[in-house]
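Have a look at the structure below, then the notes.
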Amino acid sequence: MIEFKNVSKWYGDYLALDDINATVRQGEVLVVCGPSGSGKSTLIRTINRLEPIQKGNILVDGADVYGGGSLDEMRSHIGFVFQSFNLFPHMNVRENLMMAPVLLKRMGKSQARDHAHALLERVGLGHKADAYPGELSGGQQQRVAIARALAMKPRIMLFDEPTSALDPEMVNEVLLVMKSLAAEGMTMVCVTHEMNFARDVADTVWFMDAGRIVEQAPPEQFFAQAQTERARKFLADIRH
Amino acid sequence: MLEILSDNWLLLLVGQWPNGPMGGLVATVGLALASLALAFPIGVLLALGRISSHKIFYWPATAVVYLVRGLPLIMFIFWAYFFLPLLIGNSVSGVVTMAAALIIYEGAYLSEIIRSGIQALPAGQMEAGRSLGLSHMQTMRKIVLPQALYNTIPSMLSQFISTVKETSLGFVISVHELTFAAAQVNNMLLTKPFEVFTLLALTYFVLNLILTGIVKLVEARMGGTRTVTA
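Respectively, the protein sequence lines represent chains U and E.
Per the numbering used here, the very first residue in the first sequence carries number 41; after that it's consecutive.
Per the numbering used here, the very first residue in the second sequence carries number 2; after that it's consecutive.
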């Protein structure tokens, strides 16, 4: 469970998050959408403290992300998938998956290797364990990145525009992996413009504008009858 | 000039060795290699200090780098020559003195090369490591430094070429290296300084031409591999 309590963030004088109060339930699949600059990427990056906040609290499973607890320990239970993949180019795919679990002593080497292979099979890349990230397509890299995050057996997965850097024909292979994760009951927060994904998979859609969550609704309700003019305009714009 | 070379090639190559200390060209290359190798860990530590957000690491590292880069190498040679014996309470050989000066000097220059290599990596590499639960140091050690150091190999090799040339300053404290050997030859011949020092210049030039060729080869081999996409 993720709870935002009066969260505000400034970049200098610019208010990026404006008094956010919201909750993501255990097992919920949340899609965060909104125009560029609305604060959605900033919001998702605050959940594992990639961005500092100036006001409020964020609780993940009851623990204050900005409190005194071990940040590294907390992050190891939250998977993060980046727009630009950020695979480690000097390691092959298997090493990308094994490095953190072994280094952080969550698994022995052979166990981590088996786990890595199982995850690669699951994202359809069992045959790419020895490949280097530079040898893979964008869609394959992003699937490896998801598998790398899953290798730590996270309780929550965060996706920050995971398909925005991909060629159109590769978007689906990544969305399919995300859908299978959602079907298993993973708690997921996805910043994405893929409205079909939102419609098919999300339990809730948050629409953000100017650093605020303007609407929170189930996808069918959000798409059929958005409450605000801003959201209706956004939906009209991305449909064209 | 060829006659000078055929009469003195051994002295120019190894100095008085095996009857005295290793000198000549071998000492020049050896001194440069050893100095740069020992400067490397110092360079890494200074680079980490320079990018640290902790003031107690940032300020000393920055001070050292600015100080070293703002002074000529010969100042460090003099300081090492006069103060190293006082510091350790023992007399110190010329070659060790020279190495000490070079290690500090090259350490500062290497640190700037390494720092630029670290900062040239996409910020996403550090974020990806930290998001998996790795600490800052673990991410540095496993993810950032392996890439940054690999990417800066050509620049570090170029620094080696500079170091080779800088070893000639060891002459002023009588380090037995190539320039010292050439000066010995000059003192023996007395009447042929133009030829001797042309020979010396040619030797440095050819050596560094070869090293430059190696740098180019390495750069060509590295091109295209292990690049970060997106």
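Just so you know, even glycine gets a beta-carbon here, dropped at the ideal spot from N, CA and C.
Can you pull the chain E neighbours of residue i, defined as C-beta to C-beta under 7 Å?
| i | result |
| --- | --- |
| residue 120 of chain U | 132 |
| residue 183 of chain U | Residues of chain E passing the Cβ test: none, with the nearest at roughly 14 Å. |
How would you call residue i, buried or exposed, if buried means at least 16 neighbouring beta carbons within 10 angstroms?
| i | result |
| --- | --- |
| residue 229 of chain E | Because the pLDDT of residue 229 of chain E is 49, which lies under 50, any placement of that residue in the model is unreliable, and the number read from its coordinates should be weighed accordingly. Buried is the call here. |
| residue 237 of chain U | buried |
| residue 179 of chain U | buried |
| residue 98 of chain E | buried |
| residue 279 of chain U | exposed |
| residue 82 of chain E | buried |
| residue 136 of chain U | buried |
| residue 258 of chain U | exposed |
| residue 4 of chain E | exposed |
| residue 224 of chain U | exposed |
| residue 71 of chain E | exposed |
| residue 248 of chain U | buried |
| residue 161 of chain U | exposed |
What in chain U is Cβ-close to residue i, meaning under 9 Å?
| i | result |
| --- | --- |
| residue 128 of chain E | 85, 90, 120, 122 and 126 |
| residue 185 of chain E | Within chain U, no residue comes near residue 185 of chain E; the closest Cβ sits about 48 Å away, beyond 9 Å. |
Considering only the beta carbon of each residue, do residue i and residue j sit closer than 7 Å?
| i | j | result |
| --- | --- | --- |
| residue 57 of chain U | residue 79 of chain U | yes |
| residue 140 of chain U | residue 13 of chain E | no |
| residue 217 of chain U | residue 183 of chain U | yes |
| residue 170 of chain E | residue 74 of chain E | yes |
| residue 45 of chain U | residue 94 of chain U | no |
| residue 67 of chain U | residue 227 of chain U | yes |
| residue 72 of chain U | residue 89 of chain U | no |
| residue 115 of chain E | residue 48 of chain E | yes |
| residue 185 of chain U | residue 128 of chain U | no |
| residue 256 of chain U | residue 246 of chain U | yes |
| residue 140 of chain E | residue 125 of chain E | no |
For residue i, which residues in chain U fall below 7 Å Cβ to Cβ?
| i | result |
| --- | --- |
| residue 125 of chain E | 122, 124 and 126 |
| residue 1 of chain E | No answer is possible for residue 1 of chain E: it lies beyond the span of chain E, which begins at 2 and ends at 231. |
| residue 139 of chain E | 143 |
My output table needs one value for residue i: the three-state DSSP class, helix, strand or coil.
| i | result |
| --- | --- |
| residue 240 of chain U | helix |
| residue 213 of chain E | helix |
| residue 10 of chain E | helix |
| residue 135 of chain E | coil |
| residue 246 of chain U | strand |
| residue 170 of chain U | coil |
| residue 52 of chain E | coil |
| residue 128 of chain E | helix |
| residue 70 of chain U | strand |
| residue 97 of chain U | strand |
| residue 131 of chain U | coil |
| residue 228 of chain U | strand |
Quick one: which chain U residues come within Cβ less than 8 Å of residue i?
| i | result |
| --- | --- |
| residue 135 of chain E | 112, 140, 143 and 144 |
Using a Cβ cut-off of 9 Å, pull out every chain C residue sitting near residue i, in sequence order please.
| i | result |
| --- | --- |
| residue 130 of chain U | This model lacks chain C altogether; the protein chains it does include are U and E. |
Cβ-heavy atom distance between residue i and the ligand SAM below 6 Å?
| i | result |
| --- | --- |
| residue 60 of chain U | You won't find the ligand SAM in this model; it holds no ligand whatsoever. |
So the beta strand (DSSP E) residue i belongs to, where does it begin and stop?
| i | result |
| --- | --- |
| residue 57 of chain U | 54 to 64 |
| residue 51 of chain U | 42 to 51 |
Can you give me the start and stop residues for the alpha helix (DSSP H) that residue i sits inside?
| i | result |
| --- | --- |
| residue 187 of chain E | 179 to 190 |
| residue 112 of chain U | 111 to 115 |
Residue i versus chain E: which residues are under 9 Å apart at the beta carbon?
| i | result |
| --- | --- |
| residue 115 of chain U | 131, 132, 133, 134 and 135 |
| residue 192 of chain U | 133 and 134 |
Against residue i, what residues of chain E qualify as contacts under a CB-to-CB distance less than 8 Å, listed in chain order?
| i | result |
| --- | --- |
| residue 235 of chain U | What residue 235 of chain U touches in chain E: nothing, since even the nearest Cβ is about 23 Å away. |
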